[in-house]
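Data block below; observations after.
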């Protein structure tokens, strides 16, 4: 009973994980003053966010798969978002404070929900809160956004109320909190800067009018004599919002700042993480150098690097670092930036670009990966910041491709292959090909890295011949990427079931020894073993595999043994196959995938090892896995003289192969007449004739027409006359000898017929 309860509990624990396999993940991020949730939006569906009391309900029309919320609290605390629960059409957020909610759509692909602490102002519009105890109105309220356009906000000026007593400021105690991080401080500074700028812009345009007089106190006093308050001059009547909605939707407020070139910083784009995207002018790498020789440009800047008293000129240092980046010298640019700690802290993106040019990835803790959603040139460096894009969601590569084409040719030669491989690994083959075309159209010959990326695109599209040609060119170049190309070539030929020459296997071995202590060392040693197998050198392959772990239970060693067994089943000669397959441990055989188990059992069965083949397949009567599985199980049962087991294995299977096996199983039980009909159904006339012969069905027309059984049947049915009509002893003797000779030949043909030999498919002992 306890085991049963435990099993039921495990099933219920597994169900949420099984459901998450089909769900879309909700991402989160913590910012200064607000928390952000980002939910992918599929197929441009209608959506809405409703704020009712302490609950915020997000729902998507026509969606019922739910959302994966497993990692939400990995990146945000529980002060603003207390809890979050999934619903079939969305999720419900329980707030932990009197927070305000501002949802909006980003790039028509994501719904962003910002949950701000009290007093925090955001650039997006807050939705009002609906009290939980009020009945829901029949008409759709303005609290739900997403399905209907948001009505414009109308600010109604509040008249000042003169008071006899001045308002005394109240000193508030300082709140104890942890010091702000660098990211929080930068975000706070940026918000303050933007808020000040936007307020100034709105005031200049006349959208905001200062209200004179003291402001109202935060809390009202208990007793106020309203008659003592002078009636202020009534402000101009402001129409209700509903009366102006049609007008305001067709109204635009403009000023000289709307002219292109004037709004320099008012439209700074933001990523989903809340970081400001650097403008294209900030990363104009193509213009960080000129046409003068490299030594002349660097010489001029180096001479002005230090002022009197050996004081560093930060502007000259910054320009020199940019010049190094323009020419692709990442290490030198990092060295210049490190001359002053202020340069490194203020020019973090330049330091990251220098690291990408030098090592292939950005610095640890870089904020570049958070800018993947930017639509400026920084998107290129955000994609190159890590070895992979590190996200399962769709990424718009257009900004990165545009930025790539702006770079100088020498930088494109280096960065285009790297960007192409990242996009291809992410699943965007078209964008990967576009990135590579930025260097393919150049008159110069492609670099080895570009050829390698070109080969990977060909492999992805299934063009094995083109891929092999490109990979062979990279290998022949004997360049930096030759070992990587050799690994790709061996893997591609193994997948395509193509042979590998012994010379290729020897070349892999040479690279494996040369690069033993590098990152490519383990991959080269694994490739060497597989190349030996594919070239037919199984003895050397198994010997080399022992040096890489042998019978170790580490993941890499187990995966290599699995691959060896698969290649042994697929390519080894019969003698070699039998020599090594019986050396494998039962645990490794059990680890094989179902398809490989089926292939192994089939080969053992073809070689006459039915009992060993049966041990590989599960020993029970539940054959409802696949028709191929059932066919092999039936063949094994027939080879082991188990006709009833074979018939059970074939339940529910149709087709000629199944009919033929079913007929053989029926014949093995002795039901030859029924087997005859089944053989006819399987279009096997010879087997049907044998079954009719064993059933002694002398009236069967097919039996009479059969080349083997027909003469024997005619012989057995021949009438022997009582008296001979032939005159003379000699004539009678000659006739008897002729009949004897014909009978002997008929019987000899019958006994020597291959289909009647004991142990054949027709008759079993």
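Residue numbers (the numbering used here): 685 to 1449. We put the beta carbon where it would ideally sit given N, CA and C, even for glycine. These numbers were taken from a predicted model, which means no experiment stands behind them.
For residue 1165, the secondary structure class from DSSP, reduced to helix, strand or coil, is coil. Fewer than three pairs of CB atoms, one per stretch, sit closer than 8 Å, so the segment 1201-1217 makes no contact with the segment 1277-1286. DSSP places residue 727 in the coil class of the three-state scheme, outside both helix and strand. Nearest Cα to residue 1035 within the set 1082, 953, 1012: 1012.
Judged by beta-carbon spacing, residue 1330 lies within the 7 Å limit of residue 1349, meaning their Cβ atoms are closer than that value. Rounded to the nearest angstrom, the Cβ distance from residue 959 to residue 1055 is 6 Å, consistent with a contact under 8 Å.
Just so you know, the alpha carbons of residue 1039 and residue 1052 end up roughly 12 Å apart.
In this chain, the alpha helix (DSSP H) harbouring residue 1035 covers 1032-1043.
CA-CA distance, residue 1248 to residue 1194, rounds to 21 Å.
A residue is called buried when at least 16 other Cβ atoms come within 10 angstroms of its Cβ; residue 730 does not meet this threshold and is exposed. Looking only at 792, 741, 770, 771, the smallest Cα-Cα distance to residue 799 is reached by 741.
Rounded to the nearest whole angstrom, the CA to CA distance from residue 1287 to residue 1184 is 23 Å. Using a 10 angstroms sphere on the CB of residue 979, the tally of other CB atoms stays under 16, which defines it as exposed. A distance of 7 Å or more separates the beta carbons of residue 1104 and residue 1084. Take the alpha-carbon of residue 1361 and the one of residue 1372: they are about 7 Å apart. In this structure, residue 1130 lies away from residue 1158, with their beta-carbon atoms at least 7 Å apart. Take the alpha-carbon of residue 806 and the one of residue 786: they are about 8 Å apart.
The C-alpha of residue 1243 lies about 20 Å from the C-alpha of residue 1170. In the three-state scheme derived from DSSP, where H, G and I count as helix and E and B as strand, residue 1261 is classed as helix. In the DSSP annotation of this structure, residue 766 is not part of any alpha helix (DSSP H); the continuous beta strand (DSSP E) holding it starts and ends at 765-771.
If you ignore the 5 residues before and after residue 810, its C-beta comes within less than 6 Å of the C-beta of 784, 786, all in its own chain and listed in chain order. Listed in chain order, the non-local C-beta contacts of residue 1020 below 7 Å within the same chain comprise 1001, 1004, 1005, 1008, local neighbours out to five positions each way being set aside. With a minimum length of 3 residues, there is no unbroken run of beta strand (DSSP E) contained wholly in the segment 1090-1124.
Around the beta carbon of residue 1343, 16 or more other beta carbons sit within 10 angstroms, so the residue counts as buried.
Around residue 1111, the same chain offers no residue with a beta carbon nearer than 8 Å, after the five sequence neighbours per side are excluded. Ranked by Cα distance from residue 756, the first of 776, 1317, 1142, 747 is 776. Assigned with DSSP and collapsed to three states, residue 812 falls in coil, not helix or strand.
For the options 956, 984, 1341, 1097, the alpha carbon positioned closest to that of residue 1079 is the one of 956. The C-beta of residue 735 has 16 or more other C-beta atoms within 10 Å across all chains shown, which makes the residue buried. Closest option to residue 1214, judged by alpha-carbon separation, among 1059, 1251, 769: 1251. By a beta-carbon distance limit of 8 Å, residue 1010 contacts residue 1092. Their separation comes to about 7 Å.
Rounded to the nearest whole angstrom, the CA to CA distance from residue 1295 to residue 1336 is 24 Å. Its chain contains 961, 1058, 1059, 1060 as the residues whose beta carbon lies nearer than 7 Å to that of residue 953, once the 5 sequence neighbours on both sides are disregarded; these appear in chain order. Secondary structure in the segment 1159-1243: no beta strand (DSSP E) run of 3 residues or longer lies completely within the stretch.
The beta carbon of residue 1028 lies closer than 7 Å to those of 1021, 1022, 1035 in the same chain, with the five residues before and after it left out.
Under the three-state reduction of DSSP, residue 708 is assigned to strand.
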